[in-house]
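S.K.:
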């Protein structure tokens, strides 16, 4: 990844005031570590800890809306002060989901061990687990691992942390960015894992974001909320919702640069965070278990709700996804998905274009350059536009394809 | 198929008064034909016509609810007298969908040609097309084909008709059943095609049902409605809705046996139709483009709407479908799908069993015989039970698996 610029998608522009940092350091005030403690059978790293040393740390967090939330999600939601999280402790290889009272006790034990290791209050720890569902954690290994990591925390520990939170990811999803503001330069680091709420035994999207900017907790919450809506809430791998998705933003303030609400600096910081999370989300979609290509559908029309519904229907359609995988220019699958999302709307006045080639006007095929279309759908990123009647509303959705690797990973991996 | 009894699923029992007819004849009063007229590039049969010779014929029909209905669906809905359809004309190889005004004119031309061939009014013809979307019909070939079929209509033409309506189906889905009623014996014949609203270029579920019983049109409509709810509306192949799904029931009355409303005979006839359509629906699910296995999920609880929502979520989940394909006993995918369908319900009190082996109680794993479970999920038909809090409500869903053949057919077939 080091030779590829982080902002690699044509759908995301890295802001001018943002530069990629390659020194391996977390934002000021943060230390992290990750190690192998026997949760994963293959001996890979599986326990991770990240700590802010600043007592002024603010934070914000978001979790899966699943009705079957994992024990660590339930624990963090109910026991943690999500606005002043100093530490995040994670294990991979086991999701601690569908594990009942024992699961809640194990999540509490992870939190307690991290609190001791970081010398903070247990309410300032968020817990996350990712992996197989319905199997109790090997909790003794994990808590002794957390204790061991306490003495290994380092400012350049992000790579180990990022490695230890991963499961089936085909490539790492982590970055450090320096963001030049009027008040000075701050750093944003992100470590993410996930092939988008998708993987069977190793489900879950985990995203951890640190900055050394000083942010009010309310402001951190607002920024995170806005950026998630434009990034992770717009991707579809297989339309599935994990029991365990967790996103945490921590701001240590250790840079001395304070971001005040409604200032130019807040705007600049927000744009940087937005671009970074959109790019991470696209990496997650691209990693969608064997994905060859990523699609983007933009739906325009007069009704925001209908535009959203159609964008979801297109992005989640297995027929559209297999066409993307196979570089099949068959736009009939797009209109099929649009029609399915709008029952009773027949006859439907819809225009469809693929990579700016208009293939359908007012619900009917139109002559187009089929050779050019066949070439266009072979690209790494393929863009579809659907125009419904009316204007003023627009929805966007990024989606991975559906190919043999998805079936192989999900069907042939034996639990 | 001739060696396999029609009622092959353990989830459907053939009623005692129903016997399979193997004489090849349609119900009295019906004649059918099918032939190859160059719509399909491979020279297979692609135009089909079925006609009732009785002026007393009643009928009922149902269509895809897609907002992008195909031209023949729009034509049949708006131009045909759906309660007295004498003929159904079908082409395969081209769906005549997303074809605008030209498409509507072509559908009308098919209807007109069939009316001439059958010597009936054009309003008594239903039109159906299945195949590629967004390409104009080769209408001249089709109308001259319809004319040719007019002189080939035969009482034993059901097999040719059934063959000509098929596209990617791996096996035929047709049957003739004799149903013994108090007033006499009537015949029900069914010709269906479809791998369930699934296939990319050759989408669509088509089901044509004939009987020589005499039925009021209202009664035919009611029976069809009830039976579809219990059959085709309970199957999921890939959760997609075709532009073109069409189901037509015709009753010629030529047996002389009249089925009066609210009689024992109506009950017997309804049970036979119900069993037949459920079995056809299961054949469609089993044929779900390369499916190895069919799953059935039964969801019980206190809220009918939530039970339906959970049954859909489980049956449509690509993670559940790939597990079914791979005979993976990973029930975590079931609870993941249940949780995704019930946002905000955490912690969720749900019990899950697979083939009567209880794997989850009150949202938490429970010790079970893993060896027995591993064997149970290898069966051709696998049953899952999900129990939500409360009682009195129940929903059921049949679903096909998701395997390599699905990807191959949908991604690697070049349009």
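Protein chains in written order, with the numbering used here: chain A, 31 to 445; chain B, 31 to 445. The C-beta atom is built at its ideal place from N, Cα and C for all residues, glycine as well.
1. Taking residue 115(B) and residue 221(B) to be in contact with their CB atoms under 8 Å, please state how far apart those CB atoms are, rounded to whole angstroms.
2. Would you call the CB atoms of residue 368(B) and residue 416(B) closer than 8 Å?
3. I need the DSSP call for residue 259(B), collapsed to helix, strand or coil.
4. Do you know how far the Cα of residue 126(B) is from the Cα of residue 430(B)?
5. Which residues in chain A sit within 8 Å of residue 395(B), going by Cβ to Cβ distance?
6. For a cutoff of 8 Å on Cβ pairs, would you count residue 353(A) as touching chain D?
7. Can you say whether residue 152(A) is buried or exposed, counting buried as having 16 or more other CB atoms within 10 angstroms of its CB?
8. Got a sec: is the Cβ-Cβ distance from residue 358(B) to anything in chain A below 8 Å?
9. The alpha helix (DSSP H) that contains residue 154(A), what's its start and end?
10. Is the CB of residue 392(A) under 8 Å away from at least one CB in chain B?
11. Kindly indicate which three-state DSSP category residue 171(A) falls into: helix, strand or coil?
12. What did DSSP end up calling residue 233(A) once you bin it into helix, strand or coil?
13. Within its chain, find whatever has a CB closer than 6 Å to the CB of residue 338(B); leave out the 5 residues flanking it on each side and keep chain order.
14. My output table needs one value for residue 206(B): the three-state DSSP class, helix, strand or coil.
15. Going by DSSP, which residues form a beta bridge with residue 215(B)?
16. Which residue spans inside the region 374-443 of chain A form an unbroken alpha helix (DSSP H) run of at least 4?
17. Using 8 Å as the threshold, is the C-beta distance between residue 117(B) and residue 144(B) below it?
18. Counting only the same chain and skipping the five closest in sequence on each side, list residues whose C-beta sits under 7 Å from that of residue 383(A).
19. Just to check my reading of the structure: residue 332(A) and residue 393(A) have Cβ atoms closer than 8 Å, yes? What is that Cβ distance to the nearest angstrom?
20. Just tell me which of 301(B), 345(B), 216(B) has its CA closest to the CA of residue 51(B).
21. Straight-line CA distance for residue 440(B) to residue 300(A)?
22. Anything in chain A within Cβ reach of residue 434(B), meaning under 9 Å, just list it in chain order.
23. Quick one: grab the DSSP three-state call for residue 368(A).
24. Measuring alpha carbon to alpha carbon, tell me which residue in 174(A), 266(A), 47(A) is nearest residue 121(A).
25. Between the region 372-390 of chain B and chain A, which residues of the former have a C-beta closer than 8 Å to a C-beta of the latter?
26. For the region 238-246 of chain A and the region 79-97 of chain A, state whether three or more C-beta atom pairs, one from each stretch, are separated by less than 8 Å.
27. Can you give me the C-alpha to C-alpha distance between residue 183(B) and residue 326(B), rounded to a whole angstrom?
28. Could you check what DSSP says for residue 309(B) in three-state terms: helix, strand or coil?
29. Please report whether the beta-carbon of residue 325(B) lies at a distance below 8 Å from any beta-carbon of chain A.
30. Chain B partners of residue 365(A), CB-CB under 8 Å?
31. Could you tell me how far apart the beta carbons of residue 195(B) and residue 306(B) are, in whole angstroms, since I believe they sit closer than 8 Å?
32. Take every Cβ of the region 163-180 of chain A, pair it with every Cβ of the region 61-70 of chain A, and state whether three or more of those distances are shorter than 8 Å.
33. Taking the straight line between their C-alpha atoms, what separation do you get for residue 405(A) and residue 364(A)?
34. Quick check on residue 362(B) - is its C-beta less than 8 Å from some C-beta in chain A?
35. According to DSSP, which residues form a beta bridge with residue 131(A)?
36. What are the residues of the region 194-207 of chain A that lie near chain B, defined by any Cβ-Cβ distance shorter than 7 Å?
M.R.: Answer, in terms of the structure:
1. The Cβ separation is near 15 Å, so there is no contact.
2. yes
3. helix
4. 27 Å
5. 128, 129, 130, 164, 165, 166
6. Absent from the structure is chain D; the protein chains it does hold are A and B.
7. buried
8. yes
9. Looking at the DSSP string, residue 154(A) is not in any alpha helix (DSSP H), and its letter there is neither H nor E.
10. yes
11. helix
12. Note that residue 233(A) has pLDDT 49, beneath the 50 cutoff, so the model's placement of it is unreliable and the number below is only indicative. DSSP places residue 233(A) in coil when its eight states are reduced to three.
13. 425
14. strand
15. 210(B)
16. 400-406, 434-441
17. yes
18. 389, 415
19. About 16 Å separates the two Cβ atoms, so there is no contact after all.
20. 216(B)
21. 41 Å
22. 434, 437, 438, 441
23. helix
24. 174(A)
25. 372, 373, 374, 375, 376, 377, 378, 380, 389, 390
26. yes
27. 39 Å
28. helix
29. no
30. 98, 127, 128, 163, 164, 273
31. Wrong, their Cβ atoms sit about 17 Å apart, outside the cutoff.
32. yes
33. 18 Å
34. yes
35. None; residue 131(A) has no bridge partner.
36. none
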